[in-house]
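Heads up: the structure comes next, in structure tokens.
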Ligand SMILES: *Cc1c(COP(=O)(O)O)cnc(C)c1O
């Protein structure tokens with residue numbers, strides 16, 4: 128299996144640069160760094176540690192499952208962790224033991240927290256989630272004030288209140304504005320009764336072009352990994368941090384008229400130098416890139432020919448005559464003035480860079496520290 132491999136290089140200095148770019152944009156507000164889905168496929172432990180080591184105070188890390196949170200704690204990370212999906216009802220003991228801060232969005236869970244903390248004589252801090260238009264997690268804004276009263280009566284600490292945008296990545300931010308207005312109404316009502324928990328709403332898209340939504344803290348995910356969810360004139364300068372390479376397993380010349388891969392969707396039109404590379408849809412290289420993807424071989428863009436297979440993909444490398452078996456080919460990254468990043472792959476694969484990055488999570492990682 129010596130040559131059958133792919134690697135993902137994660138460039139940590141660029142991660143630090145992206146964090147600084149966010150910081151510059153938001154001023155003194157707090158940063159809740161989103162490292163769910165194994166840090167969008169980049170490796171949550173290494174990414175979290177690198178973010179913490181930049182010296183900038185990361186107020187919190189945010190994850191989407193209790194197991195992700197516990198993994199970070201077991202790796203020695205002591206930064207507060209926001210569990211975006213809330214505590215599973217049957218795992219409150221672990222949520223408390225590992226000092227995870229859960230999102231809260233239903234009465235049953237509040238009652239269970241109240242019973243647990245009373246019985247154990249411990250405390251728990253929560254961030255209340257309000258649904259302002261995402262239609263996912265959260266209580267209705269109109270019910271927020273009585274709900275917060277119940278949180279207070281139960282002896283639970285209300286540390287934050289938050290919501291999530293459904294389309295802040297559009298140029299037209301009218302719906303995002305309506306969402307902001309709803310959460311601000313709650314904020315104003317709370318202030319009147321002497322409560323001022325941390326309010327947060329902005330994802331990467333809002334950080335890029337909706338400063339009114341910064342509130343007390345922001346929750347960047349995608350932009351930390353080097354991509355903007357939308358293209359705008361005064362864009363923040365970001366650097367993709369993941370490069371994916373794969374090795375050439377086999378090379379051969381085939382005559383004109385040779386079918387390539389499953390379904391014979393590609394037939395060579397001339398004598399062609401075909402490279403078989405060690406990445407496929409099982410590694411996160413989308414099958415929708417069959418016959419339309421490109422990779423970079425020795426600084427030359429080369430097309431994917433035929434269907435992407437589970438563990439292998441074929442390339443027409445006629446234009447890269449120096450390529451040899453065992454050489455690295457760039458799947459995502461840059462070489463010799465050519466670049467193919469996750470946003471370009473996503474466009475061709477009819478998806479979003481988020482899905483491309485998350486898809487690559489099982490590829491072995493190498494962390495570059497300088
Ligand atoms: C994923 C997520 C984020 C980060 O979103 P990006 O678009 O990656 O910046 C922020 N908040 C919540 C609730 C999320 O689920």
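Numbering (the numbering used here), first residue to last: 128 to 497.
Cβ coordinates follow ideal geometry from the N, Cα and C atoms, glycine included.
Those runs of the alpha helix (DSSP H) which lie wholly inside the segment 151 to 229 and span at least 4 residues:
Counting only runs of 4 or more, we get 163 to 167, 171 to 180, 193 to 201, 219 to 224.
Okay, do the segment 195 to 204 and the segment 164 to 180 touch, 3+ Cβ pairs below 8 Å being the bar?
The segment 195 to 204 vs the segment 164 to 180: in contact.
Identified DSSP bridge partners for residue 430:
Paired residues: 421.
What separation, rounded to the nearest whole angstrom, lies between the Cα atoms of residue 353 and residue 477?
Spanning the two alpha carbons is a distance of roughly 20 Å.
In angstroms, rounded to a whole number, what distance separates the CA positions of residue 320 and residue 256?
About 19 Å.
Is any heavy atom in ligand 1 found nearer than 7 Å to the beta carbon of residue 348?
Taking 7 Å as the cut-off, one finds at least one heavy atom of ligand 1 near enough to the beta carbon of residue 348.
For residue 328 and residue 292, I'd like the C-alpha separation in whole angstroms.
Between the alpha carbons of residue 328 and residue 292 lies a distance of about 7 Å.
State yes or no: is the C-beta of residue 211 nearer than 7 Å to some heavy atom of ligand 1?
Correct: residue 211 has its Cβ closer than 7 Å to ligand 1.
Between which two residues does the alpha helix (DSSP H) carrying residue 481 extend?
Taken as a continuous stretch (DSSP letters only), the alpha helix (DSSP H) holding residue 481 covers 480 to 486.
Could you tell me whether the segment 246 to 266 touches the segment 225 to 238, using the rule of 3 or more Cβ pairs below 8 Å?
They touch, by the three-pair rule.
Leaving out the 5 sequence neighbours to the left and right, which residues in its chain are closer than 7 Å to residue 134 when beta-carbon positions are compared?
So the qualifying residues of the chain are 372, 490, 491, 493.
Contact check, residue 185 vs residue 199, beta carbons under 8 Å:
It is not a contact, given that the beta carbons lie outside the stated cut-off.
Buried versus exposed, by CB contacts within 10 Å (16 or more), residue 210:
By the beta-carbon neighbour count (other beta carbons within 10 angstroms, threshold 16), residue 210 is buried.
Contact between the segment 335 to 354 and the segment 384 to 394: three or more CB pairs below 8 Å?
Taking 8 Å as the limit for Cβ pairs, the verdict is that the segment 384 to 394 does not touch the segment 335 to 354.
Can you give me the Cβ contacts of residue 412 inside the same chain, cut-off strictly under 7 Å, excluding the 5 residues immediately before and after it?
Annotation for residue 412: 406, 435, 440, 458 place their beta carbon closer than 7 Å to its own, counting only its chain and skipping 5 residues before and after.
Residue 147 to residue 366 span [Cα, whole Å]
The C-alpha of residue 366 is placed about 11 Å away from the C-alpha of residue 147.
Go to residue 477, then tell me how far its beta strand (DSSP E) extends in each direction, as first and last residue.
Looking at the DSSP string, residue 477 is not in any beta strand (DSSP E), and its letter there is neither H nor E.
What separation, rounded to the nearest whole angstrom, lies between the Cα atoms of residue 450 and residue 399?
Each residue's Cα considered, the two are about 14 Å apart.
Closer than 7 Å: residue 330 CB and nearest ligand 1 heavy atom:
Yes, the Cβ of residue 330 comes within 7 Å of a heavy atom of ligand 1.
How is the alpha helix (DSSP H) around residue 301 delimited, first residue to last?
Under the DSSP assignment, residue 301 falls in the alpha helix (DSSP H) whose first and last residues are 301 to 319.
Are there any heavy atoms of ligand 1 lying less than 7 Å away from the beta-carbon of residue 163, as far as the coordinates show?
Within the cutoff, so yes.
For residue 373, which beta-bridge partners are listed by DSSP?
By DSSP's assignment, residue 373 forms a beta bridge with 133, 456.
Given 8 Å as the limit, is there contact between the segment 302 to 318 and the segment 232 to 246, that is, 3 or more CB pairs closer than that?
Counting C-beta pairs closer than 8 Å gives fewer than three between the segment 302 to 318 and the segment 232 to 246, which falls short of the contact rule.
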